[in-house]
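**Q** If you read the sequences in order, they're chains H and F.
According to our numbering, the first sequence is numbered sequentially starting from 77.
According to our numbering, the second sequence is numbered sequentially starting from 10.
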Amino acid sequence: MGPHSLLFGHLPILRRLTGPLPSDIHLNYIPHLLASNWKSLFPYEDACPGLIYADFWPLVEPLVYTINGAYTHQSLAEVQLPKSTHGMNFFHTLTEQKDLNCLEGAQWKVWRGLFATGFSQGRILALVPAMLEDLAVFRDKLVSRAGPGGSWGDVFPLQDLTRRLAVDVVGRAVLDLPLGEQTYGVSPLFGALMDQVEHSILIYNVLALPRILSPMRNFKVWRNRRIMRGILAPLVREKMEGVRVRGEAGGKTVLDLAIKGLEQEHLGGSEDEIIDFVVAQLKLFLFGGYDTSSGTICWCIHTVMKHPSVVAKMRAEHDAVLGADLDAAEERLRAAPHLLNQLPYTTACIKESTRLYSGFCVARNGTKDFSFAVPGSAVPWPTDGFSVYDGINAGQRWEKIWPRADEFIPDRFLVGPDHELAPPKYAWRLFGLGPRNCVAMDLAMVEIKLALALIVRTLDVDCAWEKWDALQCVKYFFCFGGGFLR
Amino acid sequence: MMRIMEYLERPRMPPWLSRLIWVALTLSTAQFLYKLVTIRLKFRKLRAQGIVSPTDLKEEKHTLPDSVADFDDPQHTSQSWDPILYYSDTSPSSAD
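(1) Please list the partners that TYR502/H has in chain F, where partner means a Cβ-to-Cβ separation under 9 Å.
(2) List the residues of chain F that VAL522/H touches, going by C-beta distances under 7 Å, in chain order.
(3) Pop quiz: ASN113/H and GLY126/H are said to be a contact at Cβ under 8 Å. What is the actual Cβ separation, rounded to whole angstroms?
(4) For LYS159/H, is the classification buried or exposed, using 16 other Cβ atoms within 10 angstroms of its Cβ as the cut-off for buried?
(5) Taking only the alpha-carbon atoms, compute the straight-line gap between GLY85/H and SER463/H and give it to the nearest angstrom.
(6) Buried or exposed for ALA174/H, going by 16 or more other Cβ atoms inside 10 Å?
(7) Quick check: the region 459-474 of chain H against the region 385-402 of chain H, are there 3 or more CB pairs under 8 Å?
(8) Which stretch, first to last residue, makes up the alpha helix (DSSP H) that contains CYS425/H?
(9) Among the residues of its own chain, which have a CB less than 7 Å from the CB of PHE447/H, if the five just before and after it don't count?
(10) For a test of the three-state rule: what should DSSP assign to ASN300/H, helix, strand or coil?
(11) Taking only beta-carbon positions, decide if GLY85/H is within less than 8 Å of chain F.
(12) Would you call the region 253-260 of chain H and the region 132-147 of chain H touching, i.e. three or more CB-CB distances under 8 Å?
(13) Should the region 493-505 of chain H be called in touch with the region 168-185 of chain H, which here means at least 3 C-beta pairs below 8 Å?
(14) Pull out every residue of the region 17-43 of chain F whose Cβ sits closer than 9 Å to any Cβ of chain H, in chain order.
(15) Reducing DSSP to helix, strand and coil, say where ILE573/H ends up.
(16) Can you tell me where the alpha helix (DSSP H) with ALA192/H in it begins and where it stops?
(17) When the Cα atoms are used, what is the spatial distance from PRO134/H to ASN281/H?
(18) By a C-beta neighbour count over all protein chains shown, 10 Å radius and 16 as the cutoff for buried, is LYS44/F buried or exposed?
(19) Where do the N-terminal and C-terminal ends of the beta strand (DSSP E) with PHE139/H fall, by residue?
(20) Which two residues bound the contiguous beta strand (DSSP E) that contains ALA439/H?
(21) Which residues in the same chain have their Cβ closer than 8 Å to the Cβ of LEU360/H, if we skip the five residues on either side of it in sequence?
(22) Mind checking if VAL397/H is an interface residue toward chain F, Cβ cutoff 8 Å exclusive?
(23) Go ahead and pull the three-state DSSP assignment for TYR95/F.
(24) Under the three-state reduction of DSSP, which class applies to SER385/H: helix, strand or coil?
(25) Over what stretch of residues does the alpha helix (DSSP H) that includes TYR16/F continue unbroken?
(26) In chain F, which residues lie with their C-beta within 7 Å of the C-beta of LEU457/H?
(27) Can you pull the chain F neighbours of GLY189/H, defined as C-beta to C-beta under 8 Å?
(28) Output yes if chain F places a C-beta closer than 8 Å to the C-beta of GLY145/H; else output no.
(29) Which of helix, strand or coil does DSSP assign to ASP401/H?
(30) With a threshold of 16 other CB atoms inside 10 Å of the CB of TYR129/H, please say whether the residue is buried or exposed.
(31) What separation, rounded to the nearest whole angstrom, lies between the Cα atoms of MET207/H and GLU496/H?
(32) Along the beta strand (DSSP E) that carries VAL246/H, what are the first and last residues, could you check?
(33) Quick one: does SER429/H have its CB under 8 Å from some CB of chain F?
(34) How big is the Cα-Cα spacing for VAL380/H and LEU253/H?
(35) Quick one: residues in its chain with C-beta nearer than 6 Å to the C-beta of ALA192/H, no 5 flanking neighbours on either side, listed in chain order?
(36) Among HIS162/H, ALA412/H, THR94/H, whose alpha-carbon lies nearest the alpha-carbon of VAL438/H?
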């Protein structure tokens, strides 16, 4: 096979790499495949390159994958490249591009500032007592599924539960609203959110056109928007009136603090327009919980439980910090949420788990004005006409900087900077880099730590693919987080 | 047969519409070809400058190292893909 086909570009390479895989593999898998095959793909390099240019047009426009975190830092922190058109299109369905993820410039700065205050670590820790109510429901739900007398229970998809937990937690932390997704089942808000995500499209090429034009899809998108706005807008309006008209101090949730900030910002536009923007941010946060926090909790439980020695160390840490009495741990955390900051090993496990299974990536549009500065190269490496993707899945398993990259070694996040296992700067980048990193990262970390603190000493969790496959009667059906408990 | 004859005898589309469709198709094809050539040549130029892109595929390696595959049950380690990485996360990004 030729190096780069004038007719097909790198499509033959893509076809051969992905040929044996399922047709709907996540796109983040592509840089991982390119990087893991670097010896054959880049025969003249002595290690996997830190930047990979790929030509898969017309499936998708030309791409640059940043494998090395230093290049990711260049594109996300040193300059602020415009947001990816694909990401904007995806979020248009959910938020009509009024959310933090899509806003740019001064408008983004204002809204980011308004919500960043509420998402600060101190504020989030103050919300731990309320969040514990949802975490306790989550633990009880899991315990009820475990078998009697230390035996394994039935197999079930764990992410179904973690999704409901994550939405409940976002409801508590952001809206001060007990959504009760875990207790009462799927609410109209959550149902509309899930359906809207299903109808959000990553438009890479003309093949997406039938879905974009589908009258049924467009009707459902309109209906879901109406449902979500119908629930969230009155909440926002009530809180705004509470602060403005009645002069109430308001609560300490993310939304309360943002609305207080709004009163001082004197944003232009009508009240309805401002409410639309606030609702868009709320939908983004609910989506973040639904989509990413829920998956991350599953990965953490999965990786930790697969390593008995790690489980033992984590349990010992929880015993030492939260007390040996399992029933009292919840009360201790309620009384002293800062104890979560005294769990370094648990934090390291979360980081190591998300290093191996990051699950998503950040994308930007390249520009004429920005090129990568590559040490040892006389020419700038251009981005104009390219989509710049953070190849995080590949980068966080890059053997050049992660010794024993495919092994689960939480201690690499605990050792000193001179240790061979210590990760270099920007190598671990779960929440993105630079000023536009994940605004809710502290909420996510607290939520995951709480989940581990309540579960790891109470339950054993294991994958049960065979049982699940038998239940589904589909040989290679993939169910993320299919597991069972004892 | 009658139906076919009826179909053939039906009034055809107006000439202006036919012309419009041809113009649209010609322009789209020209744009496609222009983009194809410019993108492919751009990559050739990059390679000439020493900027790396995948160059050859001598062997295929789809399996993951044992230490990763061990995370899952034996049945699944035999698969040539990692179910862990293949999860249906639809989001392009969680970062802002």
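C-beta atoms are modelled at their ideal positions from N, C-alpha and C, and glycine is treated no differently.
**A** According to the structure data:
(1) Locating residue 502/H in the first sequence gives position 426, where the first residue counts as 1. Those do not exist, as TYR502/H stays about 13 Å from chain F at its closest Cβ, beyond 9 Å.
(2) Working through the first sequence from its first residue, we reach residue 522/H at position 446. Ordered by position in chain F, no residue passes the 7 Å Cβ test against VAL522/H, which lies about 16 Å from the chain.
(3) Taking the first sequence and counting its residues from 1, the one referred to as residue 113/H is at position 37. Taking the first sequence and counting its residues from 1, the one referred to as residue 126/H is at position 50. Between ASN113/H and GLY126/H the beta-carbon gap is near 16 Å, outside 8 Å, which marks them as no contact.
(4) As a first step, residue 159/H is located in the first sequence; it is residue number 83 there, counting from the start. Around the beta carbon of LYS159/H, 16 or more other beta carbons sit within 10 angstroms, so the residue counts as buried.
(5) As a working note, residue 85/H is residue 9 in the first sequence. As a working note, residue 463/H is residue 387 in the first sequence. The C-alpha of GLY85/H lies about 16 Å from the C-alpha of SER463/H.
(6) As a first step, residue 174/H is located in the first sequence; it is residue number 98 there, counting from the start. According to the sequence as given, residue 174/H is Lys; it is not Ala. Looking at its Cβ environment, which holds 16 or more other Cβ atoms inside 10 Å, LYS174/H is buried.
(7) Contact between the region 459-474 of chain H and the region 385-402 of chain H is absent, with fewer than three C-beta pairs closer than 8 Å.
(8) To locate residue 425/H, count along the first sequence from 1; it is residue 349. From DSSP, the alpha helix (DSSP H) with CYS425/H extends over 420-432.
(9) Translated into the one-based positions of the first sequence, residue 447/H becomes position 371. What sits at residue 447/H in the sequence shown is Ser, not Phe. Counting only Cβ-Cβ distances below 7 Å, and skipping sequence neighbours, we find PRO456, TRP457, PRO458, THR459.
(10) Taking the first sequence and counting its residues from 1, the one referred to as residue 300/H is at position 224. Of the three classes helix, strand and coil, the one that applies to ASN300/H here is helix, per DSSP.
(11) The residue given as residue 85/H occupies position 9 in the first sequence. So, interface residue.
(12) The region 253-260 of chain H vs the region 132-147 of chain H: no contact.
(13) No: the two stretches stay apart, fewer than three of their Cβ pairs being nearer than 8 Å.
(14) Those residues of the region 17-43 of chain F placed with their C-beta closer than 9 Å to a C-beta in chain H are PHE41, ordered along the chain.
(15) Given that chain H is displayed from residue 77 to residue 562, the structure contains no residue 573/H and the question cannot be resolved.
(16) Numbered from 1 along the first sequence, position 116 holds the residue referred to as residue 192/H. Annotation: the continuous alpha helix (DSSP H) that includes ALA192/H extends over 181-194.
(17) As a first step, residue 134/H must be located in the first sequence, where it is residue number 58. As a first step, residue 281/H must be located in the first sequence, where it is residue number 205. One Cα belongs to PRO134/H, the other to ASN281/H, and the distance between them is close to 7 Å.
(18) On the second sequence, position 35 is the one that residue 44/F refers to. With fewer than 16 other Cβ atoms within 10 Å, it is exposed.
(19) Here residue 139/H corresponds to residue number 63 of the first sequence, with the count starting at 1. For clarity, residue 139/H is Leu in the given sequence; the question names Phe instead. In the DSSP annotation of this structure, the continuous segment of the beta strand (DSSP E) that includes LEU139/H starts and ends at 139-142.
(20) Locating residue 439/H in the first sequence gives position 363, counting from the first residue. Following the DSSP letters along the chain, one finds ALA439/H inside the beta strand (DSSP E) bounded by residues 439-441.
(21) Here residue 360/H is taken as the residue at index 284 of the first sequence, counted from 1. Once the five neighbours on either side are set aside, the close Cβ partners of LEU360/H are PHE167, LEU170, THR171, ASP175, LEU176, ASN177.
(22) Residue numbering aside, residue 397/H sits at position 321 when the first sequence is read from its first letter. VAL397/H does not count as touching chain F.
(23) Locating residue 95/F in the second sequence gives position 86, where the first residue counts as 1. In this prediction, TYR95/F has a pLDDT of 40, which is less than 50 and means its spatial position is unreliable; nothing more can be read from the coordinates.
(24) For the purposes of this step, residue 385/H is identified with residue 309 of the first sequence, where counting begins at 1. Residue state, collapsed to three classes: helix.
(25) Taking the second sequence and counting its residues from 1, the one referred to as residue 16/F is at position 7. Boundaries of the alpha helix (DSSP H) around TYR16/F: 11-18.
(26) For this step, residue 457/H is matched to residue 381 along the first sequence. Here the sequence assigns Trp to residue 457/H, which means Leu is not the residue at that position. Per Cβ cutoff of 7 Å: ILE60.
(27) Start at 1 with the first residue of the first sequence, and residue 189/H comes out as number 113. Simply none; closest approach about 12 Å.
(28) Mapped onto the first sequence, residue 145/H falls at position 69. It does not: the Cβ of GLY145/H has no partner Cβ on chain F nearer than 8 Å.
(29) Within the first sequence, the letter at position 325 stands for residue 401/H. Note: ASP401/H maps to coil in three-state DSSP.
(30) Taking the first sequence and counting its residues from 1, one reaches residue 129/H at position 53. TYR129/H counts as buried, since no fewer than 16 other beta carbons sit within 10 angstroms of its beta carbon.
(31) Mapped onto the first sequence, residue 207/H falls at position 131. Mapped onto the first sequence, residue 496/H falls at position 420. Rounded to the nearest angstrom, the gap between the Cα atoms of MET207/H and GLU496/H is 38 Å.
(32) Residue mapping note: residue 246/H aligns to position 170 of the first sequence, counting from 1. That residue, VAL246/H, is in no beta strand (DSSP E); its alpha helix (DSSP H) goes 234-246.
(33) Translated into the one-based positions of the first sequence, residue 429/H becomes position 353. By this cut-off, SER429/H is not an interface position.
(34) Taking the first residue of the first sequence as 1, we reach residue 380/H at position 304. Taking the first residue of the first sequence as 1, we reach residue 253/H at position 177. Those two C-alpha atoms are separated by around 32 Å.
(35) Here residue 192/H corresponds to residue number 116 of the first sequence, with the count starting at 1. If you ignore the 5 residues before and after ALA192/H, its C-beta comes within less than 6 Å of the C-beta of VAL515, all in its own chain and listed in chain order.
(36) Taking the first sequence and counting its residues from 1, one reaches residue 438/H at position 362. By alpha-carbon distance to VAL438/H, the top candidate from HIS162/H, ALA412/H, THR94/H is HIS162/H.
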